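S.K.: Residue numbers (this note's numbering): 1 to 211.
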């Protein structure tokens, strides 16, 4: 938005060009980016771009028409974790989820501090201690503001119905921490089912060093 506002200011100066405005214009440089490049210096691009996309909205909507199926494991690198195998990495969703995944227990260390968190008067408290604005509590059954999804009323029957296809934080950025329910998330608290399959694949493909 800042770039857009500065660009509009630049265009306004062009309409009222004089000596003072010319000196102001001289200190601003704006890049006219060619699709799919964007950013202040045209330094960014999105891999999902296709030549028929006319807007960012079209690109995002088409991307979310296809369910997310990762082929590699995401890995949280800010903890010294040990899961017994270098191939089985720790995902962000497996930290502070109430289940010890690491042999040294570092993924649940100090999580009690989050559980006793107190919220402001205009906020509601998620079950995991996270605070969200009251206006977002029970506002949309398919959009979660709480990472543990406790701000919306869930039923197992509708948990993942009509979820893909919407550019929201529906699956990738929330927790499915009850690992013994119907969706077979037995090895992870990620809501992406493919992560469980990848974890099993890597666990059984690695030969123990003692054999």
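The beta-carbon is built from N, C-alpha and C at its ideal position, and this holds for glycine as well. Values in this document were obtained by computation on a predicted structure and should not be read as measured data.
Taking C-beta to C-beta, are residue 70 and residue 195 nearer than 8 Å?
M.R.: As a working mapping, residue 70 is identified with position 70 in the chain shown. As a working mapping, residue 195 is identified with position 195 in the chain shown. Contact: yes.
S.K.: Taking 6 Å as the limit between beta carbons, can you name the residues of its chain near residue 3, skipping five residues before and five after?
M.R.: Locating residue 3 in the chain shown gives position 3, where the first residue counts as 1. 40.
S.K.: If I measure Cβ to Cβ from residue 197 and keep anything under 8 Å in the same chain, skipping five residues before and after, which residues do I get?
M.R.: By one-based count along the chain shown, residue 197 stands at place 197. Contacts found: none.
S.K.: Across which residues does DSSP place residue 131 in a beta bridge pair?
M.R.: Your numbering for residue 131 matches position 131 in the chain shown. Its beta-bridge partners are 125.
S.K.: In chain order, what residues of the same chain lie with their CB nearer than 7 Å to the CB of residue 137, ignoring the 5 residues before and after it?
M.R.: The sequence position of residue 137 within the chain shown is 137, counting from 1. 124, 151, listed in sequence order.
S.K.: Can you tell me where the alpha helix (DSSP H) with residue 58 in it begins and where it stops?
M.R.: Position 58 of the chain shown, counted from the start, is the residue given in the question as residue 58. Its alpha helix (DSSP H) spans residues 56-63.
S.K.: Quick one: residues in its chain with C-beta nearer than 6 Å to the C-beta of residue 89, no 5 flanking neighbours on either side, listed in chain order?
M.R.: In the chain shown, the residue the question calls residue 89 occupies position 89. Excluding sequence neighbours, residue 89 sits near 73, 75.
S.K.: One question on the structure: do residue 97 and residue 175 come within less than 8 Å of each other, judged by their Cβ atoms?
M.R.: Counting from 1 along the chain shown, the entry for residue 97 is found at position 97. Counting from 1 along the chain shown, the entry for residue 175 is found at position 175. Yes, the pair counts as a contact, with Cβ atoms nearer than the cut-off.
S.K.: Nearest-angstrom Cα distance between residue 103 and residue 204?
M.R.: What you label residue 103 is simply residue 103 of the chain shown in a count that begins at 1. What you label residue 204 is simply residue 204 of the chain shown in a count that begins at 1. Taking the straight line joining both Cα atoms gives about 18 Å.
S.K.: Measure the beta-carbon distance from residue 10 to residue 30 and round it to whole angstroms, keeping in mind my assumption that it falls under 8 Å.
M.R.: Start at 1 with the first residue of the chain shown, and residue 10 comes out as number 10. Start at 1 with the first residue of the chain shown, and residue 30 comes out as number 30. Confirmed, Cβ separation roughly 6 Å.
S.K.: With DSSP run on the structure shown, which of helix, strand or coil describes residue 10?
M.R.: Your numbering for residue 10 matches position 10 in the chain shown. It is helical.
S.K.: Below 8 Å, can you find three or more Cβ-Cβ pairs linking the region 104-113 to the region 79-94?
M.R.: yes
S.K.: Just how far apart, CA to CA, sit residue 180 and residue 46?
M.R.: If you number the chain shown from 1, residue 180 lands on position 180. If you number the chain shown from 1, residue 46 lands on position 46. Caution is warranted here: a pLDDT of 49 is assigned to residue 180, below 50, making its placement in the model unreliable, and no coordinate value can be reported.
S.K.: So, are the CB atoms of residue 111 and residue 119 less than 8 Å apart?
M.R.: Counted from its first residue, the chain shown places residue 111 at position 111. Counted from its first residue, the chain shown places residue 119 at position 119. No, these two residues do not count as a Cβ contact at 8 Å.
S.K.: Alpha carbon to alpha carbon, what distance is there between residue 55 and residue 153?
M.R.: Mapped onto the chain shown, residue 153 falls at position 153. Mapped onto the chain shown, residue 55 falls at position 55. Going from the Cα of residue 153 to the Cα of residue 55 covers about 34 Å.
S.K.: Residue 134 and residue 122 - do their beta-carbons sit closer together than 8 Å?
M.R.: As a working mapping, residue 122 is identified with position 122 in the chain shown. As a working mapping, residue 134 is identified with position 134 in the chain shown. It is a contact, given that the beta carbons lie within the stated cut-off.
S.K.: Report the rounded CA-to-CA distance for residue 172 versus residue 32, giving the unit in angstroms.
M.R.: Within the chain shown, numbered from 1, the residue matching residue 172 stands at position 172. Within the chain shown, numbered from 1, the residue matching residue 32 stands at position 32. Spanning the two alpha carbons is a distance of roughly 33 Å.
S.K.: With the cut-off set at 8 Å, would you say residue 63 and residue 48 are in Cβ contact?
M.R.: In the chain shown, counting from the first residue as 1, residue 63 sits at position 63. In the chain shown, counting from the first residue as 1, residue 48 sits at position 48. In contact: residue 63 and residue 48 (Cβ atoms closer than 8 Å).
S.K.: Would you identify the three-state DSSP class for residue 137, choosing helix, strand or coil?
M.R.: Against the chain shown, residue 137 aligns to sequence position 137. Coil.
S.K.: Where does residue 38 fall in DSSP's three states?
M.R.: As a working note, residue 38 is residue 38 in the chain shown. Strand, per DSSP.
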